[in-house]
DNA sequence: TCAGGGACCGCAACCGATTGCGCCGAATCT
DNA sequence: AGATTCGGCGCAATCGGTTGCGGTCCCTGA
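Residue numbers (the numbering used here), protein chains in the order written: chain A, 1 to 348; chain B, 349 to 696.
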């Protein structure tokens, strides 16, 4: 069965294609008599008419396509975000173009350009660097962009994410209330906002809860991964210095790596060292020990990012002050944190 | 900066747009002199020309868009598949339209129709039911489809997945070799191929390894979820019957649910009951007890599915015999399986 | 020298939907 | 009754590439 096109519907309803188009588009329906509208709509239904999105996009230069850019869809952090965004977007007639940049900047740029060639109306980007030339390029071309998960410097883009600062503060508060007086922060990469922000928040919280400088060390991981979490933890253990009894990880992956390093060093979690993660990835509550971590409303983040983008797309007026939303987070206390033991660490 | 279009390039190269088009398309390049090709290509580069995919698709009725349909991107099974497929597809100029059906048939149909309206060239579908009207409809419309993860009856579609039968056989073999003589299979839903196939394989393997009927029970879960796994396990425990010492779960999620039910019933895994899962989802090796499970090459599955689809799209000749590929699987032995204890179970 | 044959390239139609412009007939006003 | 307005709809251009057809020019062979 050949695709039925607008002209077919028009013929069936005995009107001109232009009229059929108006009858089918709620916005222009006022220009057509109710009677005609009904005839056209009926005909369209009877024939099973599905408008050709390509043609429409070509003419209107609105594709109703949205690109979602994630660094690695395999990282459990992102699927819920994608899902939340997708549900909102499809509900209002947008379609999602997903692209996984594989944490590769060149690939990311190529992908985004390809998507632009496809005429996407806007992007939801979860891969932003703190200083990101790609973003400024997009801004110059006037492409609507909403950032999620990570933000960028300049505060130029709408943005929705979890409240990193609050999450870290909750973690530190929890640990100090358990009697921990020397805590290590295994920070995420400092080129992304979450890495910077959580590290900043850690220092602030440490000060707030009375930890002195030497007792609130920060060690930076190259990436958010188990491998880098592990090696960062190993490095801290090897270096010695003041003994510590707790670790605040930049995210759950880093926490997992840290757990490995601790176990390898013969340290037990939580009796020797408490560990808290960030993100509450699926199943981290079932690992051994069950990970205490900060829960973000990921799906809601995605949904909100989509809302923001839709809003920006529909009101083509540019708003000068981009909305920036921080969603509340919870600390989920599980088995990886416990009352501080006598201070302990690897000494040289 | 306004988008540069083909006409601009043509003007810059002092040729007709038609000629510019031919010069830029490798397939037609032979019809243009080498000198002109170079002029056009240079001009295109200089101006930063990006062809408008919509216009091209409209004219050629080839969008280079592929729809990937998954039931729930939040299920860790799917991201690797999507990733594998996406990498292959983008490498040859296709773009991925992702849609998450939320396990909702109506939603799925709407989404697919919407994607068809967008002119997708083909689909990779991971949501197939065993008897799936949606698939036959697509087949009637002549839309290329490749199935992955699950297949459908009739053997009408190209298909790539893990070797379920081999995986289950490995599991049963492993358990019997540990001395288990009474095993329960918590099967997945029987409306999807993996549920049926694994159940069938379980019965066959049980027979092969000498388990009698009463010692190879099958209980079916409504869905692949922790909740249904748990309730199925609870039901088996409540019903009593012959004591069992091992469980082969339809997938990891079901296994997790079963673990919960066992723990709630005061049974220890693995000392009282061994459990083996299926899929080797991320992090199931870190839960307590570390789950013995069957590992599928998920990313490779996605990549292969993409290869199959591309092949079908490029050779518009319909091949009468669809390729069906089963990828080899491994049994990953971890802590949730152990030598059989004395048979035990809940007795009334 | 002239017919025949390519190689190259321009012309214009076309893909399918949208929309500014303007025509026509009927209702309203004076 | 004649002028005027307005609702409803048809016409045709347009979005940006692609491609069948045919024209021009040059080269080859007799």
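The C-beta atom is built at its ideal place from N, Cα and C for all residues, glycine as well.
Remember, predicted model here, so these are calculated numbers, not experimental data.
> How do the region 472-484 of chain B and the region 415-433 of chain B stand: do at least 3 beta-carbon pairs fall below 8 Å, yes or no?
Replying inline: Segment contact: the region 472-484 of chain B against the region 415-433 of chain B, three or more CB-CB distances shorter than 8 Å; contact assigned.
> Rounded to the nearest angstrom, how far is the Cβ of residue 281 of chain A from that of residue 76 of chain A, given a contact under 8 Å?
Replying inline: Rounded, the Cβ-Cβ distance is 4 Å, consistent with contact.
> From which residue to which residue does the beta strand (DSSP E) around residue 112 of chain A run?
Replying inline: From DSSP, residue 112 of chain A is part of no beta strand (DSSP E) but of the alpha helix (DSSP H) over 105-117.
>> Looking at chain A, is there any beta carbon in it that lies within less than 8 Å of the beta carbon of residue 631 of chain B?
In response: Closer than 8 Å to some Cβ of chain A, the Cβ of residue 631 of chain B qualifies, so yes.
> Under 8 Å between C-beta atoms, does residue 96 of chain A make it to chain B?
Replying inline: Answer yes: the Cβ-Cβ gap between residue 96 of chain A and chain B drops below 8 Å somewhere.
> Touch check for the region 99-108 of chain A and the region 448-463 of chain B: three-plus C-beta pairs under 8 Å?
Replying inline: Because the criterion of three Cβ pairs below 8 Å is not met, the region 99-108 of chain A and the region 448-463 of chain B do not touch.
> Residues of chain A with a CB under 8 Å from the CB of residue 635 of chain B: which are they?
Replying inline: Under the 8 Å cutoff, chain A gives 283, 286, 287, 288.
> Alpha carbon to alpha carbon, how far is residue 140 of chain A from residue 44 of chain A?
Replying inline: Residue 140 of chain A and residue 44 of chain A have their C-alpha atoms roughly 41 Å apart.
> Residues in its own chain within less than 7 Å of residue 102 of chain A by CB, not counting five upstream and five downstream?
Replying inline: Cβ neighbours of residue 102 of chain A within its own chain (closer than 7 Å, five residues either side excluded): 72.
>> Tell me the rounded alpha-carbon separation between residue 347 of chain A and residue 266 of chain A.
In response: Because residue 347 of chain A carries a pLDDT of 39, less than 50, the predicted location of this residue cannot be relied on, and the following value inherits that uncertainty. Their Cα atoms are separated by approximately 13 Å.
> Count the other CB atoms within 10 Å of the CB of residue 687 of chain B; is the residue buried (16 or more) or exposed (fewer)?
Replying inline: Residue 687 of chain B comes out exposed.
> Around the Cβ of residue 35 of chain A, are there at least 16 other Cβ atoms within 10 angstroms (buried) or fewer (exposed)?
Replying inline: A residue is called buried once 16 or more other Cβ atoms fall within 10 Å of its Cβ, and residue 35 of chain A, having fewer, is exposed.
> Is the CB-CB distance between residue 562 of chain B and residue 602 of chain B below 8 Å?
Replying inline: A distance of 8 Å or more separates the beta carbons of residue 562 of chain B and residue 602 of chain B.
> In the DSSP assignment, what residue or residues form a beta bridge with residue 470 of chain B?
Replying inline: According to DSSP, which records beta bridges pairwise, residue 470 of chain B is partnered with B:414.
> Run through DSSP, which three-state label would residue 279 of chain A get?
Replying inline: In the structure shown, residue 279 of chain A sits in a strand (DSSP, three-state: E or B).
>> List, in chain order, every chain A residue whose beta-carbon is nearer than 8 Å to that of residue 438 of chain B.
In response: Correct list: 99, 111, 114.
>> Quick check for students: name the residue ranges of the beta strand (DSSP E) that lie wholly in the region 211-272 of chain A, counting only runs of 3 or more.
In response: The region 211-272 of chain A contains these whole beta strand (DSSP E) runs: 216-220, 246-249.
> Between residue 146 of chain A and residue 305 of chain A, is the Cβ-Cβ spacing less than 8 Å?
Replying inline: In this structure, residue 305 of chain A lies closer than 8 Å to residue 146 of chain A by Cβ.
> Ordered along the chain, which non-local residues of its own chain (more than five positions away) have a Cβ less than 7 Å from that of residue 323 of chain A?
Replying inline: Correct list, in chain order: 158, 308.
> Whole-angstrom Cβ separation of residue 183 of chain A and residue 201 of chain A, contact assumed at under 8 Å?
Replying inline: Contact between residue 183 of chain A and residue 201 of chain A does not hold, since their C-beta atoms are separated by about 13 Å, which reaches or exceeds 8 Å.
> By how many angstroms is the C-alpha of residue 517 of chain B removed from the C-alpha of residue 344 of chain A?
Replying inline: Note that residue 344 of chain A scores 43 on pLDDT, short of 50, meaning its location in the model is unreliable; the coordinates nonetheless yield the value given after this. Residue 344 of chain A and residue 517 of chain B have their alpha carbons spaced roughly 49 Å apart.
> At which residues does the beta strand (DSSP E) containing residue 657 of chain B begin and terminate?
Replying inline: Taken as a continuous stretch (DSSP letters only), residue 657 of chain B belongs to no beta strand (DSSP E), being part of the alpha helix (DSSP H) at 646-662.
> Between which two residues does the alpha helix (DSSP H) harbouring residue 433 of chain B extend?
Replying inline: Note, residue 433 of chain B: alpha helix (DSSP H), 426-439.
> What in chain B is Cβ-close to residue 63 of chain A, meaning under 8 Å?
Replying inline: Here the neighbours are 402.
> Between residue 648 of chain B and the rest of its own chain, which residues show a CB-CB distance below 8 Å, the 5 nearest in sequence each way excluded?
Replying inline: So the list reads 432, 675, once near-sequence residues are dropped.
> Just the Cα atoms here: how many angstroms apart are residue 285 of chain A and residue 442 of chain B?
Replying inline: Taking the straight line joining both Cα atoms gives about 38 Å.
>> DSSP three-state label for residue 366 of chain B, please.
In response: Looking at residue 366 of chain B - three-state DSSP - the assignment turns out to be helix.
> Taking Cβ positions, are residue 388 of chain B and residue 406 of chain B nearer each other than 8 Å?
Replying inline: Residue 406 of chain B sits away from residue 388 of chain B, with the two beta carbons spaced by 8 Å or more.
> So, helix, strand or coil for residue 528 of chain B, using DSSP?
Replying inline: Here residue 528 of chain B sits in coil by DSSP.
> Are the Cβ atoms of residue 593 of chain B and residue 522 of chain B separated by less than 8 Å?
Replying inline: No, the Cβ-Cβ distance between residue 593 of chain B and residue 522 of chain B is not below 8 Å.
> Taking 8 Å as the CB-CB cut-off, is residue 245 of chain A touching chain B?
Replying inline: False, the Cβ-Cβ gap to chain B never drops below 8 Å.
> Which residue's Cα is closest to the Cα of residue 333 of chain A: A:4, A:290, A:13?
Replying inline: In this structure, A:290 is the residue among A:4, A:290, A:13 with its C-alpha nearest to the C-alpha of residue 333 of chain A.
> If the cut is a Cβ gap below 8 Å, which residues of chain B does residue 58 of chain A touch?
Replying inline: Using a Cβ-Cβ cut-off of 8 Å, residue 58 of chain A is close to 400, 402, 403, 406 of chain B, given in chain order.
> Since residue 329 of chain A contacts residue 167 of chain A with CB under 8 Å, what's their CB separation in whole angstroms?
Replying inline: In this structure residue 329 of chain A is in contact with residue 167 of chain A, their Cβ atoms being roughly 4 Å apart against a cut-off of 8 Å.
> From residue 650 of chain B to residue 435 of chain B, what does the alpha carbon distance come to, in whole angstroms?
Replying inline: Linking residue 650 of chain B to residue 435 of chain B through their CA atoms gives a straight-line distance of about 9 Å.
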